[in-house]
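K.L.:
I'd like to ask you about the structure that follows.
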Amino acid sequence: MSEKATLEIHGKKYEFPLIVGTENEVAIDISNLRSTTDSVITLDPGYKNTGSCESAITFLDGEKGILRYRGYSIEELAEKADFLEVAFLLIFGELPTKVQLDKFHTDIKAQSVVDEDIRKIVDAFPKSAHPMGVLASLTSALTAFNPSSVNVDSEEDMYKAICKILGKFPVLVAWTFRKKHGLPLDYGDKNLGYVENILKMMFKQPNEDYKINPIILNALDKLLILHADHEQNCSTSTVRIAGSSHVGLFASLSTGISALWGPLHGGANQAVLEMLEAINLDGGDTDKYMAKAKDREDPFRLMGFGHRVYKNFDPRAKIIKKAADEVLNDLGVADKILEIAKALEKEALKDPYFVERKLYPNVDFYSGIIYRAMGIPTDMFTVMFALGRLPGWIAQWREMRLNKEPIGRPRQIYIGETLRPFKTVDKR
Ligand code: CMC
1 MSEKATLEIH GKKYEFPLIV GTENEVAIDI SNLRSTTDSV ITLDPGYKNT
51 GSCESAITFL DGEKGILRYR GYSIEELAEK ADFLEVAFLL IFGELPTKVQ
101 LDKFHTDIKA QSVVDEDIRK IVDAFPKSAH PMGVLASLTS ALTAFNPSSV
151 NVDSEEDMYK AICKILGKFP VLVAWTFRKK HGLPLDYGDK NLGYVENILK
201 MMFKQPNEDY KINPIILNAL DKLLILHADH EQNCSTSTVR IAGSSHVGLF
251 ASLSTGISAL WGPLHGGANQ AVLEMLEAIN LDGGDTDKYM AKAKDREDPF
301 RLMGFGHRVY KNFDPRAKII KKAADEVLND LGVADKILEI AKALEKEALK
351 DPYFVERKLY PNVDFYSGII YRAMGIPTDM FTVMFALGRL PGWIAQWREM
401 RLNKEPIGRP RQIYIGETLR PFKTVDKR
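Residue numbers (full-length UniProt numbering): 1 to 428.
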């Protein structure tokens, strides 16, 4: 497209090229704005209108409710692929052949032993610590045990670092869980599938064999796929921007874990369940909470509703809602919390406040209900999200480094005091 955007500042016109993506999304390329104008910049709090990069990983159309990884629809991937295949797809760009997938799994397993000294760090955390804080710290601690930074110009080095984190991260997740529940730490079983092994590492009791429940395995695999990437969200942008300083992969990932923790992002799954439990304890009066959510004087928000990008149904929420129903049916769990969730959803979908603002249930509205049915405690929900998002973070970090993106360094408009003389303490 040879079209240009014209901008007029103080009576002077400037032209900027338009960039068009493969799905016909259009952006004004303002990379020369500051240098060609009188140091003018754009201001866009929360980056609601700002693209930070060109990316070939994930496409989403918030108006149409479309989500695709590397061109494959999330619906098809959730139905037909497994999590490790999706991880390979996201990171390397194509679905793996059987040989590639087997090699990938073998290479990951070869890297899955975590240094015994990391146990000492795990032991030093109080049981009351939030698992997300522990996980971010342990991921960061991996840098100390793997001090040489990845040579991003070497595909082999990069591949090894990726296998390392995909191998060790589930161990850290399982240790975080087991420590909290007073269970001995476990290294899992090399003979199991990637997700199967995660379940066993988390839940195996020291005095009995662990039997995989196929319903739970299938649900977890699906949940991890649905969470695996979501283009330039808060935690992913954090990983990319931290990595743009050329800090290593593990350190970049630990910043993403911290960003994910917040209740407006990945922490919403925990917040949703706590909200549903509070409504239940308060007698299950959903009308009361709908009114609170709409009251601008009340800080209460309906957690699990609304999304920065989806202004139509979150396609992940549709899949999860169905999966939640199946899992609860299959496991024979009757959950009052699910009933409250359904009632809230039903009311919100016809309430003008939610309809006008295009607030639909997001991925986190139903995920907590499945995790709960699977026996995962509420404060581990966001950890499970992190486990799923890991391949996405890795893929985005890799793309950013391979594209040789410059260091992320936004500008600002200063609104503080102008120059003023210093007064010594006795004169203030
Ligand atoms: N309950 C009640 N009102 C809401 C909600 C909600 N959950 N979400 C947005 N609004 C209102 C908001 O008050 C504002 O109203 P008004 O126009 O009258 O000021 C309007 O809708 C627009 O909201 P916003 O905060 O400007 O929208 P945003 O794009 O900045 O925020 C969001 C998106 C996800 C942070 C927000 O919808 C929210 O806080 N939702 C609850 C938390 C949540 O479920 N987060 C998980 C997101 S999905 C998983 C992930 O990606 O991590």
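C-beta atoms are modelled at their ideal positions from N, C-alpha and C, and glycine is treated no differently.
When you compare each of Glu85, Leu90, Ile91 to Thr97 by their alpha carbons, which one comes out closest?
P.N.:
Translated into the one-based positions of the sequence shown, residue 97 becomes position 97. Per the Cα distances, Glu85.
K.L.:
Am I right that Gly46 and Arg70 are in contact with their C-beta atoms under 8 angstroms? What's the rounded C-beta distance?
P.N.:
As a working mapping, residue 46 is identified with position 46 in the sequence shown. As a working mapping, residue 70 is identified with position 70 in the sequence shown. 27 angstroms between Cβ atoms; not a contact.
K.L.:
Let me make sure I understand the geometry here. Which of Val40, Glu345, Asp29, Pro361 has the alpha-carbon closest to that of Cys53?
P.N.:
As a working note, residue 53 is residue 53 in the sequence shown. Taking only the C-alpha atoms, the option nearest Cys53 is Asp29.
K.L.:
Measure the C-alpha to C-alpha separation of Leu33 and Pro17 and round it to an integer number of angstroms.
P.N.:
Along the sequence shown, read from residue 1 onward, the residue named residue 33 stands at position 33. Along the sequence shown, read from residue 1 onward, the residue named residue 17 stands at position 17. If you take the alpha carbons of Leu33 and Pro17, they lie about 11 angstroms apart.
K.L.:
Can you tell me whether Ile66 is helix, strand or coil according to DSSP?
P.N.:
Here residue 66 corresponds to residue number 66 of the sequence shown, with the count starting at 1. If DSSP states are grouped into helix, strand and coil, Ile66 belongs with the strands.
K.L.:
Does the pairing of the region 227-242 with the region 255-271 give three or more beta-carbon distances under 8 angstroms?
P.N.:
yes
K.L.:
Count the other CB atoms within 10 Å of the CB of Glu345; is the residue buried (16 or more) or exposed (fewer)?
P.N.:
The sequence position of residue 345 within the sequence shown is 345, counting from 1. By the 10 Å Cβ count, Glu345 comes out buried.
K.L.:
Taking only the alpha-carbon atoms, compute the straight-line gap between Leu402 and Ser154 and give it to the nearest angstrom.
P.N.:
Translated into the one-based positions of the sequence shown, residue 402 becomes position 402. Translated into the one-based positions of the sequence shown, residue 154 becomes position 154. Roughly 10 angstroms between the two C-alpha positions.
K.L.:
Using 7 angstroms as the cut-off, classify the Cβ of Asn233 as near or not near the heavy atoms of the ligand CMC, replying yes or no.
P.N.:
Here the question's residue 233 lines up with position 233 in the sequence shown. Asn233 Cβ: within cutoff of the ligand CMC.
K.L.:
Any chance the CB of Arg428 is under 7 angstroms from a heavy atom of the ligand CMC?
P.N.:
Position 428 of the sequence shown holds residue 428. Checking the Cβ of Arg428 against the ligand CMC gives no.
K.L.:
Please report how far the alpha carbon of Pro267 lies from the alpha carbon of Ile66, in whole angstroms.
P.N.:
Mapped onto the sequence shown, residue 267 falls at position 267. Mapped onto the sequence shown, residue 66 falls at position 66. The displayed chain sequence assigns Gly, not Pro, to residue 267. Going from the Cα of Gly267 to the Cα of Ile66 covers about 23 angstroms.
K.L.:
State the Cα-Cα distance for the pair Thr424 and Pro170, rounded to the nearest angstrom.
P.N.:
Here residue 424 refers to the residue found at position 424 of the sequence shown. Here residue 170 refers to the residue found at position 170 of the sequence shown. Between Thr424 and Pro170, the C-alpha separation is close to 55 angstroms.
K.L.:
Which of the three DSSP states is assigned to Pro17 in this structure?
P.N.:
Your numbering for residue 17 matches position 17 in the sequence shown. Strand at Pro17.
K.L.:
On the three-state DSSP scale, how would you describe Pro361?
P.N.:
Start at 1 with the first residue of the sequence shown, and residue 361 comes out as number 361. Strand at Pro361.
K.L.:
Whose C-beta lies closer than 8 angstroms to the C-beta of Asn312 among residues of the same chain, with five residues either side of it excluded?
P.N.:
Translated into the one-based positions of the sequence shown, residue 312 becomes position 312. If the five residues before and after Asn312 are omitted, its C-beta is found closer than 8 angstroms to the C-beta atoms of Gly62, Glu63, Lys64, Gly65, Lys358, Tyr360, all from its own chain and listed in chain order.
K.L.:
Hey, how far is the Cα of Leu95 from the Cα of Phe88?
P.N.:
Translated into the one-based positions of the sequence shown, residue 95 becomes position 95. Translated into the one-based positions of the sequence shown, residue 88 becomes position 88. The alpha-carbon atoms of Leu95 and Phe88 are separated by roughly 7 angstroms.
K.L.:
Suppose only complete runs of 4+ residues qualify. What are the alpha helix (DSSP H) ranges in the region 379-408, listed by chain order?
P.N.:
381-402
K.L.:
In the DSSP assignment, find the alpha helix (DSSP H) that holds Glu79 and state where it starts and stops.
P.N.:
Position 79 of the sequence shown holds residue 79. Glu79: member of the alpha helix (DSSP H) spanning 74-80, first to last residue.
K.L.:
If I'm right that Thr176 touches Leu135 with Cβ under 8 angstroms, what's the distance once you round it to whole angstroms?
P.N.:
For the purposes of this step, residue 176 is identified with residue 176 of the sequence shown, where counting begins at 1. For the purposes of this step, residue 135 is identified with residue 135 of the sequence shown, where counting begins at 1. Sure, about 5 angstroms apart at Cβ, within 8 angstroms.
K.L.:
Using only CA atoms, which one of Gly133, Asn218, Glu116, Ser128 lies nearest to Ala144?
P.N.:
Here residue 144 refers to the residue found at position 144 when the sequence shown is read from its first residue. Nearest C-alpha to Ala144: Glu116.
K.L.:
What is the C-beta distance between Ser149 and Gly248, in whole angstroms, given that I count them as a contact (C-beta under 8 angstroms)?
P.N.:
Here the question's residue 149 lines up with position 149 in the sequence shown. Here the question's residue 248 lines up with position 248 in the sequence shown. Between Gly248 and Ser149 the Cβ distance is about 4 angstroms, and since that is below 8 angstroms, they are a contact.
K.L.:
At a cut of 8 angstroms, does the region 122-140 reach the region 204-219 through at least three beta carbon pairs?
P.N.:
Between the region 122-140 and the region 204-219 there are fewer than three C-beta pairs closer than 8 angstroms, too few to call the two in contact.
K.L.:
Apart from the five residues just before and just after Pro315, which ones in its own chain have a Cβ nearer than 6 angstroms to its Cβ?
P.N.:
Residue 315 sits at position 315 when you count from the first residue of the sequence shown. Taken in chain order, the residues that qualify are Gly65, Leu67, Ile74.
K.L.:
In terms of residue numbering, what span does the alpha helix (DSSP H) encompassing Asp330 cover?
P.N.:
Your numbering for residue 330 matches position 330 in the sequence shown. Run containing Asp330: 315-331, per the alpha helix (DSSP H) assignment.
K.L.:
Considering Cα atoms alone, identify which of Leu43, Asn49, Gly167, Tyr194 is closest to Arg308.
P.N.:
Within the sequence shown, the letter at position 308 stands for residue 308. Closest by alpha carbon: Asn49.
K.L.:
So, at 6 angstroms on beta carbons, what are the nonlocal neighbours of Ala259 in its own chain, with the 5 sequence-adjacent residues on each side left out?
P.N.:
As a position in the sequence shown, residue 259 is number 259, starting the count at 1. Excluding positions up to five away in sequence, the list reads Cys234, Ser235, Thr238.
K.L.:
Any heavy atom of the ligand CMC closer than 7 angstroms to the CB of Met384?
P.N.:
Taking the first residue of the sequence shown as 1, we reach residue 384 at position 384. Met384 Cβ: outside cutoff for every heavy atom of the ligand CMC.
K.L.:
Compute the distance between the beta-carbons of Gly167 and Lys103, then report whether it is under 8 angstroms.
P.N.:
Against the sequence shown, residue 167 aligns to sequence position 167. Against the sequence shown, residue 103 aligns to sequence position 103. No, the Cβ-Cβ distance between Gly167 and Lys103 is not below 8 angstroms.
K.L.:
State the Cα-Cα distance for the pair Tyr353 and Ala251, rounded to the nearest angstrom.
P.N.:
Against the sequence shown, residue 353 aligns to sequence position 353. Against the sequence shown, residue 251 aligns to sequence position 251. In a straight line, the C-alpha of Tyr353 is about 41 angstroms away from that of Ala251.
K.L.:
Taking the continuous beta strand (DSSP E) assigned at Val26, which residues delimit it?
P.N.:
Here residue 26 is taken as the residue at index 26 of the sequence shown, counted from 1. That run of the beta strand (DSSP E) goes 26-28.
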